[in-house]
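In my numbering, the protein residues as written are 191 to 528. Note that CB positions come from ideal geometry on N, CA and C, so glycine has one too.
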Amino acid sequence: MNPLMERLGLRVPVIQAPMAGGPTTPELVAAVSQAGGLGSLGAAYLTPAQLREAGEGVRSRTARPFAVNLFVPEPPPPVTEAEVTAAVADLAPLYAELGLPPPTLPERVQEDFGAQVEAVLELRPAVFSFTFGRLGTAELASLHAAGILVMGTATGVEEARALAADGVDAVVAQGGAAGGHRGGWWHDERADTLALTRAVAQAISLPVIAAGGLMDAADVRAALNAGASLAQCGTAFLRAAEAGTSRPYRAALATAQPGQTTLTRAFSGRTARGLANRVTAEVRHPLPYPLQNALTRDLRTAAAKAGRAEFLSLWAGEGAHRGQEGSAAQLLAGLWPD
Ligand SMILES: Cc1cc2nc3c(=O)[nH]c(=O)nc-3n(C[C@H](O)[C@H](O)[C@H](O)COP(=O)(O)O)c2cc1C
191 MNPLMERLGL RVPVIQAPMA GGPTTPELVA AVSQAGGLGS LGAAYLTPAQ LREAGEGVRS
251 RTARPFAVNL FVPEPPPPVT EAEVTAAVAD LAPLYAELGL PPPTLPERVQ EDFGAQVEAV
311 LELRPAVFSF TFGRLGTAEL ASLHAAGILV MGTATGVEEA RALAADGVDA VVAQGGAAGG
371 HRGGWWHDER ADTLALTRAV AQAISLPVIA AGGLMDAADV RAALNAGASL AQCGTAFLRA
431 AEAGTSRPYR AALATAQPGQ TTLTRAFSGR TARGLANRVT AEVRHPLPYP LQNALTRDLR
491 TAAAKAGRAE FLSLWAGEGA HRGQEGSAAQ LLAGLWPD
């Protein structure tokens with residue numbers, strides 16, 4: 191038991207990582223929290239109304255604390271018409287294979303972050319976590335005023351120092367093995383998770399949460415020994431019965447081999463780790479985030495329906511081949527058997 195666990199009332203020092211895009215259903219989040227860990231709702235792609243509904247869905251299943259997570263936006267970068275044409279040309283043959291016309295950029299490429307934060311303030315989860323950047327002073331102050339514990343994501347020591355200086359309550363140290371998007375905005379060290387955890391724990395005087403490639407009880411124990419207060423595990427929960435992971439995604443995870451993940455910008459324009467497939471191999475001219483994300487959305491939706499894993503973003507950490515099936519409570523017990 192450490193001060194962060196005590197403050198949150200956790201029995202298990204494990205956060206089920208927020209995973210935007212479907213996996214972190216209210217059922218999964220609630221099951222992890224109910225079993226003594228901290229479930230997190232990946233709400234980045236949800237409208238404020240969907241965020242409220244998902245949060246209420248967690249609350250209707252458990253009275254225990256949970257987290258809500260958002261992506262801090264950057265202004266969409268300017269792109270030339272030639273860049274858009276090249277990105278569409280890369281994707282058009284893949285869309286055609288699913289019987290769809292080439293994609294076009296929608297008007298709206300990301301949710302209204304301010305409105306999402308408002309929804310979080312109304313919902314008042316125990317924890318708000320964020321990635322991709324830093325919060326504004328006013329946002330941080332209103333979250334604190336609502337009694338919400340705030341966690342930011344750092345991919346290197348300098349980012350961790352910046353978040354600490356901003357006034358967050360805890361820092362997630364995301365090592366290079368982590369599945370999903372790289373959370374950094376400044377100096378992504380892509381370091382070994384335990385080495386990064388040690389370095390961040392020495393550099394700041396806040397609780398540190400280790401993330402990246404932590405797949406079993408020995409990994410979680412090692413993260414705590416390296417100075418972490420909690421371990422944040424994403425890939426380990428992707429095949430949970432309660433997760434919203436699509437059928438073809440689950441099938442790809444079930445046969446994942448060591449070394450099969452890759453870092454790619456092909457799906458969203460932002461570097462992320464997932465299982466290599468045709469999109470990671472064939473898309474050569476992605477637009478910057480969030481434009482590429484908008485451009486590939488219909489492809490991913492259609493591919494999930496058609497069971498075509500070669501067109502899906504199969505986000506997963508380097509430990510993907512060590513993942514297991516089971517209920518969320520069973521998977522949590524595998525990460526912390528005590
Ligand atoms: C499918 C997937 C989606 C993710 N989505 C988010 C997200 O929405 N917000 C976030 O802060 N981190 C996200 N992450 C990163 C996790 O917070 C965490 O850093 C990562 O899962 C740790 O590595 P592991 O997958 O090897 O356990 C995601 C990871 C995965 C695998």
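Would you grab the beta carbon distance between Met-341 and Asp-359 for me? Rounded to a whole angstrom, and I think it's under 8 Å. Here residue 341 refers to the residue found at position 151 when the sequence shown is read from its first residue. Here residue 359 refers to the residue found at position 169 when the sequence shown is read from its first residue. Confirmed, about 7 Å.
For Leu-502 versus Arg-487, is the C-beta spacing smaller than 7 Å? Reading the sequence shown from its first residue, position 312 is the one you call residue 502. Reading the sequence shown from its first residue, position 297 is the one you call residue 487. No. Outside cutoff.
Under the criterion of a Cβ to heavy atom distance below 6 Å, does Trp-526 qualify as lining ligand 1? Taking the sequence shown and counting its residues from 1, the one referred to as residue 526 is at position 336. No; taking the cut-off as 6 Å, the Cβ of Trp-526 has no heavy atom of ligand 1 nearer than that.
According to DSSP, residues forming a beta bridge with Ile-205: By 1-based counting over the sequence shown, the position of residue 205 is 15. In the DSSP output, where bridge partners are listed per residue, Ile-205 has Leu-228, Gln-422.
Are the beta-carbon atoms belonging to Glu-217 and Glu-432 less than 7 Å from one another? Against the sequence shown, residue 217 aligns to sequence position 27. Against the sequence shown, residue 432 aligns to sequence position 242. Cβ distance < 7 Å, so Glu-217 and Glu-432 count as in contact.
Grouping DSSP H, G and I as helix and E and B as strand, with all else coil, what is Ser-332? By one-based count along the sequence shown, residue 332 stands at place 142. DSSP places Ser-332 in helix when its eight states are reduced to three.
The segment 507–523 touching the segment 398–407, judged by at least three CB pairs closer than 8 Å: yes
For Gly-369 and Arg-463, what's the separation of their Cα atoms in angstroms? Reading the sequence shown from its first residue, position 179 is the one you call residue 369. Reading the sequence shown from its first residue, position 273 is the one you call residue 463. Approximately 5 Å, taken between the alpha carbons.
Can you list, in chain order, the residues of its chain with a C-beta nearer than 8 Å to that of Ala-442? Leave out the 5 residues immediately preceding and following it. Counting from 1 along the sequence shown, the entry for residue 442 is found at position 252. Once the five neighbours on either side are set aside, the close Cβ partners of Ala-442 are Leu-465, Asn-467, Ala-499, Leu-502, Leu-504.
Determine the burial state of Asp-409: buried for a count of at least 16 other Cβ atoms within 10 Å of its Cβ, exposed for fewer. Working through the sequence shown from its first residue, we reach residue 409 at position 219. Flag for Asp-409 reads buried.
May I ask whether a heavy atom of ligand 1 can be found less than 6 Å away from the beta carbon of Asn-259? Residue numbering aside, residue 259 sits at position 69 when the sequence shown is read from its first letter. Yes, ligand 1 has a heavy atom inside 6 Å of this Cβ.
Roughly how many whole angstroms lie between the Cα atoms of Gln-422 and Ala-279? One-based indexing of the sequence shown puts residue 422 at position 232. One-based indexing of the sequence shown puts residue 279 at position 89. Near 38 Å, if we compare the C-alpha coordinates of Ala-279 and Gln-422.
If we call anything under 7 Å between Cβ atoms a contact, is Ala-220 one with Arg-251? Your numbering for residue 220 matches position 30 in the sequence shown. Your numbering for residue 251 matches position 61 in the sequence shown. Contact: yes.
Buried or exposed for Gly-346, please, with buried defined as at least 16 other CB atoms from any protein chain shown within 10 angstroms of its CB. Counting from 1 along the sequence shown, the entry for residue 346 is found at position 156. Buried, since its Cβ has 16 or more Cβ neighbours within 10 Å.
Which same chain residues, not among the five before or five after His-475, have their C-beta less than 8 Å away from its C-beta? Looking up residue 475 in the sequence shown gives position 285. In its chain, beyond the 5 residues on either side, Glu-273, Ala-276, Ala-277, Ala-279, Asp-280 have a beta carbon closer than 8 Å to the beta carbon of His-475.
Can Trp-376 be considered in contact with ligand 1, in the sense that its beta carbon sits closer than 6 Å to one or more heavy atoms? One-based indexing of the sequence shown puts residue 376 at position 186. Trp-376: no, Cβ never under 6 Å from ligand 1.
Using three-state DSSP, classify Gln-364 as helix, strand or coil. Counting from 1 along the sequence shown, the entry for residue 364 is found at position 174. Looking at Gln-364 - three-state DSSP - the assignment turns out to be strand.
Measure the Cβ-Cβ separation of Val-258 and Pro-315 and say whether it is below 7 Å. Residue 258 sits at position 68 when you count from the first residue of the sequence shown. Residue 315 sits at position 125 when you count from the first residue of the sequence shown. Contact: yes.
Limits of the unbroken beta strand (DSSP E) element including Ala-401: Mapped onto the sequence shown, residue 401 falls at position 211. From DSSP, the beta strand (DSSP E) with Ala-401 extends over 398–401.
Return the CA-CA distance between Ala-331 and Gly-245, expressed in angstroms with no decimal places. For the purposes of this step, residue 331 is identified with residue 141 of the sequence shown, where counting begins at 1. For the purposes of this step, residue 245 is identified with residue 55 of the sequence shown, where counting begins at 1. Counting only the Cα atoms, Gly-245 lies some 21 Å from Ala-331.
For the segment 253–268 against the segment 302–313, do three or more pairs of beta-carbon atoms, one drawn from each stretch, fall closer than 8 Å, so that the two count as touching? yes
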